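Chains as they are written, first to last, in my numbering: chain A, 1 to 224; chain B, 1 to 206; chain C, 1 to 253.
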C-alpha cells in the first residue's frame, strides 16, 4: 500500500478510536472551558479587567488543555504494542507520525476553535478581535500538537512521564503563546495583527515539516 | 547473493554484561529458526534486534544480500511480540483492516483469515471482549492478511490451548512450505513435522 | 566518514576511547584549574579595583563581571550540548553522550547564576528584585530547558537510551532557543519593559572591557575543568564493568 493510504488509514483509525472513547476525548475541551471560567472568579468580574486579560487567559487555557491531551497521542499505542507495529511499517515514520498528530489535533485542538469564541464573549473580548482569535487558534493549536508530539515521544516509555512532559514542552510553547496572544491583544485594541499571524503561519509550516523528525527518532528510542 | 536472513557476529550488552556476543546464523527460505534459552537470556532482545526495533551493539544483519533493516526488509517482515498490537476499542475486523492498510495484502481476505484462526463470527466484537487466547490468534491473523515472507514471533503459543497451538503450528508449516521463513521463541515443545528446523540455544546468561 | 582523512578518524577514535580520555582528563585538570584561577584573579582585580565606577550606576555595575560571563556561558554550554547530541546521534559516540550529560548541570548552574546576579543588579537599577526584562526572561526559560534535559536523563533508567533522548531534546532545544529569544525580545519591546542590554553597545571603555573578557575566559576554563571532572565520574559509573576501570580502581586500593 502507498504512503498516502497508510497516512489516511492512521488518521481514520485514530478518529474512530477517539469516537469510541468519546468521554475521554472530551476532557481537554471541558478543561479548557473550566479553566477559563475560573479566571473571572479569581480576579473579579470587572469588565475592563476581564477584557484586558481575555487573550492571555484563553491562550494559556488552550496551552494547558493541549498539554493535558498530549499523553493520549502515543500512550495507548505504546502500551498495547501498536506503536511497535507502526515503527516496523516500511513507510517513512515521520509521515505516519504526522498522521497521528493530525488526528490528535482534529480531536483535541479543533473543538477549541468552536468554543473559544463563546468563551471570548464571556470575557468581553471585543467583536473585532473574534476573527483574529479564531485564526490564531487555527494556526496555533496544531503547533501545540506538533511540538507536544516530540515531548510525548520522549517520555512515553516512562511510568510517570507527566511532570517531565510539562517541563519539556511548556518552554517550547513560549513563542506560540507570545505571538498568538499578542495577535488577539492587538486586534482587541483595533490594531492590525497580520504580522503576528504571519509569524504563526510560518512557525506552523516549519513545525509540520520539522517536528515529526525528532518525534520519530524519539519514538524509536522509547520503544528500544 | 544469499536469499533469506543472515546475522553475522551479533552482540548485545545490557546492564554492563553481554547478553550474547559473536552470534552468527542464517535462515533460508523454507527454514524455521527456534531460539531457546531460559528467562533473561536475551531471546526477546535478539528478536527485537532482528526486526530492527533495537540496534545491536555489534555485528550486522542482511536480508537477501542487502544490509537490513531497510524498507524492503520491513515490507517483507512481520513481528508479533508480547503485546498483541491490537486496539481494544476496535473490532477484530477493524484491527485486521488497519494492519492490512500498512502492508501489502496477503493471500487471505480479512474474513478468511479470521475463519482460519477460528475467530469466524467474532468480526464485529471489540477486541476488549475477546479472551487472551482469542487476542493472540487475532494478532497472528495479521500474518495472513499481509504478504510477509519472514515471520518473527515472540512466544506465539502463550495463552493458547492445545488446539490453538496446533493451529499456529499448522500455519507455520504452511508458511514455510511456500518458501516463507520464520524465527520464533517458545517455552513449550513444538511440533513442526517436515520442517527444516534450526535451533539456537542462548545460554550466556548468569 | 570518507570525507575525513584516515589519520583524523584514528585520532578521534583514540581520544574518544574511555581509558585514554580518562587519563587525558586527569592530566589536563591541574593545568585547566591553574589557568582558571590566574584568569579569575586577574579579571577580579581588574574589574573590582582597576576599572573606574560607572558614571550613572556607580559601583553596582561591577556585578556584570559575574553576570555577563555567566549569561554567555549559559548559552554557549547549551549550544555545545546540542553539538555533542548531534555527534552522539550520528556517530553513536559514547564520549559525546557523556560530555553532553556532564555539561547539563554546569550549564544550569551558569544559568542560575546569571538569573540571580541579574535580579541582584535589578534591585539598585529598577528598585525591584525581578523585572520581566527580555534577557532575564530568556534566561529563565533557558533554565527550564536545562532542567528538562537533567530530569529527562534522570527519569530514563537505561542510560544509553537516556543519552539518546537528551541528545534529541538538546537538538530540539537549540533550534528553539533563537525563536524563543527573539519572541521574548519582541514581546518585551511590545510591553516596553526596562532593558539591561546597555552592554551590547561597543561604547564600553577598554578598562571595563578587558576584565570582562578575562572573566569570560576564566569561566570558559572553569567549565572545561568542571565538565572533565563530571565526565570522568560519569565514565566510571557507566563503564564500571570494564577492565580498565577495574585496573584503575585496583591500582588505587
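Glycine is no exception: its CB is placed at the ideal position from the N, C-alpha and C atoms.
Source: prediction; values computed, not measured.
Whose C-alpha, out of the options, is nearest the C-alpha of residue i?
i, options, result
"residue 131 of chain A", "A:81, A:146, A:186 and A:174", "A:186"
"residue 105 of chain A", "A:181, A:172, A:47 and A:11", "A:11"
"residue 100 of chain C", "C:207, C:168, C:124 and C:243", "C:168"
"residue 67 of chain C", "C:147, C:213, C:157 and C:36", "C:213"
"residue 248 of chain C", "C:65, C:153 and C:22", "C:22"
"residue 58 of chain A", "A:69, A:173 and A:33", "A:33"
"residue 146 of chain B", "B:127, B:161 and B:96", "B:96"
"residue 17 of chain A", "A:73, A:35 and A:211", "A:73"
"residue 211 of chain C", "C:43, C:10 and C:143", "C:43"
"residue 3 of chain A", "B:75, B:138 and B:156", "B:75"
"residue 146 of chain C", "C:77, C:233 and C:33", "C:77"
"residue 215 of chain C", "C:13, C:10 and C:41", "C:41"
"residue 66 of chain B", "B:131, B:176 and B:5", "B:5"
"residue 70 of chain A", "A:150, A:38 and A:122", "A:150"
"residue 105 of chain C", "C:154, C:218, C:217 and C:118", "C:154"
"residue 143 of chain A", "A:102, A:85 and A:46", "A:102"
"residue 20 of chain B", "B:40, B:117 and B:64", "B:40"
"residue 51 of chain C", "C:16, C:208, C:32 and C:109", "C:208"
"residue 93 of chain A", "A:223, A:215 and A:116", "A:215"
"residue 26 of chain B", "B:112, B:55 and B:182", "B:182"
"residue 104 of chain B", "B:115, B:134, B:131 and B:143", "B:143"
"residue 223 of chain A", "A:77, A:146 and A:210", "A:77"
"residue 64 of chain A", "A:170, A:212 and A:190", "A:170"
"residue 225 of chain C", "C:29, C:107, C:92 and C:89", "C:29"
"residue 68 of chain A", "A:166, A:209 and A:205", "A:166"
Tell me residue i's beta-bridge partners as DSSP assigns them.
i, result
"residue 152 of chain B", "B:79 and B:183"
"residue 32 of chain B", "B:182 and B:197"
"residue 7 of chain C", "None, per the DSSP bridge assignment."
"residue 91 of chain B", "B:126"
"residue 146 of chain B", "B:105"
"residue 54 of chain C", "C:58"
My understanding is that residue i touches residue j, with C-beta atoms under 8 Å, so please give their C-beta distance in whole angstroms.
i, j, result
"residue 51 of chain A", "residue 125 of chain A", "6 Å"
"residue 59 of chain B", "residue 7 of chain B", "7 Å"
"residue 85 of chain B", "residue 80 of chain A", "7 Å"
"residue 174 of chain A", "residue 141 of chain C", "6 Å"
"residue 159 of chain C", "residue 238 of chain C", "6 Å"
"residue 114 of chain C", "residue 163 of chain C", "Residue 114 of chain C to residue 163 of chain C, Cβ: 26 Å. No contact."
"residue 20 of chain A", "residue 89 of chain B", "4 Å"
"residue 178 of chain A", "residue 187 of chain C", "5 Å"
"residue 124 of chain B", "residue 93 of chain B", "7 Å"
"residue 171 of chain C", "residue 164 of chain A", "Between residue 164 of chain A and residue 171 of chain C the Cβ distance is about 18 Å, and since that is not below 8 Å, they are no contact."
"residue 248 of chain B", "residue 137 of chain B", "Given that chain B is displayed from residue 1 to residue 206, the structure contains no residue 248 of chain B and the question cannot be resolved."
With residue i as the anchor, note down where its beta strand (DSSP E) starts and where it stops.
i, result
"residue 9 of chain B", "5-14"
"residue 67 of chain B", "66-68"
"residue 21 of chain B", "17-27"
"residue 59 of chain B", "58-63"
Along the chain, where does the alpha helix (DSSP H) that runs through residue i open and close?
i, result
"residue 70 of chain A", "47-70"
"residue 112 of chain C", "94-126"
"residue 36 of chain C", "18-45"
"residue 242 of chain C", "Segment: none, residue 242 of chain C is in no alpha helix (DSSP H) and carries neither H nor E."
"residue 164 of chain A", "162-188"
"residue 118 of chain B", "First-last for residue 118 of chain B: undefined, no H or E at that position."
"residue 72 of chain C", "64-91"
"residue 114 of chain A", "110-122"
"residue 86 of chain B", "Per DSSP, residue 86 of chain B belongs to no alpha helix (DSSP H) and is neither H nor E."
"residue 37 of chain A", "27-43"
"residue 134 of chain A", "130-155"
"residue 85 of chain A", "82-87"
"residue 166 of chain B", "162-177"
"residue 45 of chain B", "43-50"
"residue 192 of chain A", "From DSSP, residue 192 of chain A is part of no alpha helix (DSSP H); its letter is neither H nor E."
**Request:** Kindly confirm or deny that the segment 26-41 of chain A and the segment 102-116 of chain A touch, where touching means at least three C-beta pairs closer than 8 Å.
**Result:** yes
**Message:** With three or more beta-carbon pairs closer than 8 Å as the criterion, would you say the segment 116-130 of chain C touches the segment 138-148 of chain A?
**Reply:** no
**Asked** Is it true that the segment 195-208 of chain A meets the segment 177-185 of chain A, where meeting means three or more beta-carbon pairs spaced less than 8 Å apart?
**Response** yes
**Message:** I'd like to know if the segment 13-28 of chain B and the segment 152-165 of chain B are in contact, where contact means that at least 3 CB-CB pairs between them fall below 8 Å.
**Reply:** no
**Asked** Counting pairs of beta carbons, one from the segment 186-200 of chain B and one from the segment 163-177 of chain B, are three or more of them closer than 8 Å?
**Response** yes
**Prompt:** Would the segment 89-103 of chain C and the segment 45-61 of chain C be scored as touching if the rule is three or more Cβ pairs under 8 Å?
**Reply:** no
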